[in-house]
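Protein chains in written order, with my numbering: chain S, 1 to 209; chain X, 1 to 209.
Okay, structure first, notes after.
There are 2 protein chains.
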Amino acid sequence: MESSSAKAGGSTRREATRQKLYEAAVTLIAEQGFSATTVDEIAERAGVAKGTVYYNFASKSVLFEELLRHGVGLLTASLKEAAEQAAREGRGKVDALDAMIRAGLVFIDRYPAFTQLYVAELWRTNRAWQSTLMVVRQEAVAVVEGVLREGVAVGEFSDEIDVQLTAAALVGMVLVAALDWKSFQPERSLDDVHAALSRLLQGRVSGRV
Amino acid sequence: MESSSAKAGGSTRREATRQKLYEAAVTLIAEQGFSATTVDEIAERAGVAKGTVYYNFASKSVLFEELLRHGVGLLTASLKEAAEQAAREGRGKVDALDAMIRAGLVFIDRYPAFTQLYVAELWRTNRAWQSTLMVVRQEAVAVVEGVLREGVAVGEFSDEIDVQLTAAALVGMVLVAALDWKSFQPERSLDDVHAALSRLLQGRVSGRV
DNA sequence: ATTTTTGCACTGACCAGTCAGTGCAATTGC
DNA sequence: GCAATTGCACTGACTGGTCAGTGCAAAAAT
């Protein structure tokens, strides 16, 4: 019986436990914040003994840091994928940005708790995982900056734009709009929200029709 | 009776102490979060005894709630003021939005810690001050929604825009861009940042010059 | 046979909130 | 004048509870 995944990373069982702990931790911390969430709660929600948490992670904050890395990894991969696909299909940079907005929305749709928690921790200072967070943020924003820069190089975007700030603003736009969507009008469809943001991106807000 | 200081509001000393406590609490909570910040720390930073905190506020979370109300009050007033001034001067709704973006930036420039803390707590659920936060958020976003709606009525904005979502996206854009500015490129001027966001608002990102 | 998980008792640091008491200025009584 | 009194703002040691992390023997899974 070659256990399914075999030699690859580590035993499958352990990986499954870690996954359960991530899922339990992410919702609890999104709701209550890191400090207000107890390890006992996380263990209970994951359906696991407290000792298991410490068998798998060195400490509560290490668990959290690995959770952050894991989550942002997924997002970054998804953004890159969207940008590359648009490029492969020979579409313009505006389309690439649009595709990334959609990818961002899809991600937030699937992992709303993670997004919540990420936003809540991002601009804090003086916390243990601060530097982890910076690195991980930079990876994600860099993908957007890359597309903007290419757009400027190709002449599709004005060379007067401030790449760094514009990238941050775009990310913020999607993040906040999406959190609002999930929190206050969750019945709306992803397409709907995407259309509204596309319109904003392309400056079709002012101007009739 | 007219006790010493007198007539206006309440005793001056008390008001001064509360102000000191607000200031101490806002920076500490912005840095560390609500739960990770202790009442002892707040008292120490404010230069008062712990008992004084409880003499002035019923509990740690009441202190925090009043802080939130106080801060968002300032922001809302400032946004309204900007929108009204643009209207008084007979400028268009795009200009009004632009003026509000600037007002938002000025606010964040002046109270970065408050902004940080606000963003961090906004999308949490299951917290004591949740409802306070909702009310207070709605007040601020409503100002932006109002201008958008007026713009649609006047025909200056497309009637296809989704007012609620667009307002949220705009707020997010300013919020996140400004926090990025303060965190990662604090040497830049407000005008600079404002110009970059104006450009984005008016869809002058794509399109040459 | 080894790795992983369980269950549970325990420790020690930390922290929100309390309370008896202090300092001080203004008011009252004489 | 000058005690005695009152009320306000503040103090800081203390209490009762909470929680991260530990230790370990027994059970389960692979």
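Glycine included, C-beta positions come from ideal geometry on N, C-alpha and C.
As the structure is a prediction and not an experimental result, all values here were calculated from the model.
Less than 8 Å between C-beta atoms, sequence neighbours within five positions excluded: which residues of the same chain meet that for residue i?
i: residue 9 of chain S; result: Note that residue 9 of chain S scores 47 on pLDDT, short of 50, meaning its location in the model is unreliable; the coordinates nonetheless yield the value given after this. Closer than 8 Å at the Cβ level, and outside the excluded window around residue 9 of chain S, lie 15.
i: residue 212 of chain X; result: This structure cannot speak to residue 212 of chain X, because chain X is shown only from 1 to 209.
i: residue 94 of chain S; result: 151, 156, 201, 202
i: residue 89 of chain X; result: none
i: residue 292 of chain X; result: Past the edges of chain X, shown from 1 to 209, lies residue 292 of chain X, and the structure says nothing about it.
i: residue 20 of chain X; result: 46, 47, 48
i: residue 83 of chain X; result: 96, 99, 100, 143, 146, 147
i: residue 7 of chain X; result: Low local confidence applies: a pLDDT of 35 at residue 7 of chain X is under 50, so the model's placement there is unreliable, with the coordinate-based value given in what follows. Same-chain partners within the cutoff: there are none.
Using the C-alpha atoms, what's the distance from residue j back to residue i?
i: residue 111 of chain S; j: residue 72 of chain S; result: 11 Å
i: residue 53 of chain X; j: residue 152 of chain X; result: 48 Å
i: residue 44 of chain X; j: residue 102 of chain X; result: 35 Å
i: residue 141 of chain X; j: residue 58 of chain S; result: 42 Å
i: residue 47 of chain X; j: residue 56 of chain X; result: 14 Å
i: residue 139 of chain X; j: residue 117 of chain X; result: 18 Å
i: residue 190 of chain S; j: residue 193 of chain X; result: 30 Å
i: residue 135 of chain X; j: residue 69 of chain X; result: 9 Å
i: residue 160 of chain X; j: residue 92 of chain X; result: 19 Å
i: residue 61 of chain S; j: residue 61 of chain X; result: 24 Å
i: residue 127 of chain X; j: residue 42 of chain S; result: 18 Å
i: residue 13 of chain X; j: residue 81 of chain X; result: 31 Å
i: residue 75 of chain X; j: residue 174 of chain X; result: 13 Å
i: residue 1 of chain S; j: residue 149 of chain S; result: Low per-residue confidence applies at residue 1 of chain S: pLDDT is 35, beneath 50, and the placement is therefore not dependable, though the value from the model is reported in the following sentence. Taking the straight line from one Cα to the other gives about 52 Å.
Relative to the C-alpha of residue i, which candidate in the options has its C-alpha closest?
i: residue 196 of chain S; options: X/79, X/133, X/162, X/168; result: X/162
i: residue 167 of chain X; options: X/155, X/184, X/147, X/55; result: X/147
i: residue 186 of chain X; options: X/105, X/164, X/100; result: X/105
i: residue 158 of chain S; options: X/60, X/199, X/160, X/159; result: X/199
i: residue 184 of chain S; options: X/174, X/165, X/184, X/81; result: X/165
Skipping 5 residues on each side, what residues in its chain have a beta carbon closer than 7 Å to that of residue i?
i: residue 188 of chain S; result: 181
i: residue 40 of chain S; result: 50
i: residue 67 of chain X; result: 22, 25, 26
i: residue 17 of chain S; result: 48, 52, 56
i: residue 209 of chain S; result: Interpretation of residue 209 of chain S is limited by its pLDDT of 36, a score under 50 that renders its predicted location unreliable; the figure taken from the coordinates is listed afterwards. Taken in chain order, the list of residues that qualify is empty.
What do you reckon, are the CB atoms on residue i and residue j nearer than 7 Å?
i: residue 86 of chain S; j: residue 96 of chain S; result: yes
i: residue 176 of chain X; j: residue 172 of chain S; result: yes
i: residue 31 of chain X; j: residue 125 of chain S; result: yes
i: residue 120 of chain S; j: residue 120 of chain X; result: yes
The alpha helix (DSSP H) with residue i in it runs from where to where?
i: residue 150 of chain S; result: 130–154
i: residue 85 of chain X; result: 60–88
i: residue 39 of chain S; result: 39–46
i: residue 55 of chain S; result: 50–56
i: residue 114 of chain S; result: 112–122
i: residue 192 of chain X; result: 190–201
i: residue 31 of chain X; result: 12–32
i: residue 185 of chain S; result: Taken as a continuous stretch (DSSP letters only), residue 185 of chain S belongs to no alpha helix (DSSP H), as it is neither H nor E.
Grab me the residues of residue i's own chain with a C-beta within less than 6 Å of its C-beta, minus the 5 sequence neighbours each way, in chain order.
i: residue 37 of chain X; result: 28, 29
i: residue 114 of chain S; result: 26, 71
i: residue 108 of chain X; result: 115, 178
i: residue 79 of chain X; result: 100, 103, 143
i: residue 154 of chain S; result: none
Just to confirm, does residue i get its C-beta within under 6 Å of one of the non-hydrogen atoms of the ligand NAP?
i: residue 198 of chain X; result: The ligand NAP is not among the ligands present in this structure, which contains no ligands whatsoever.
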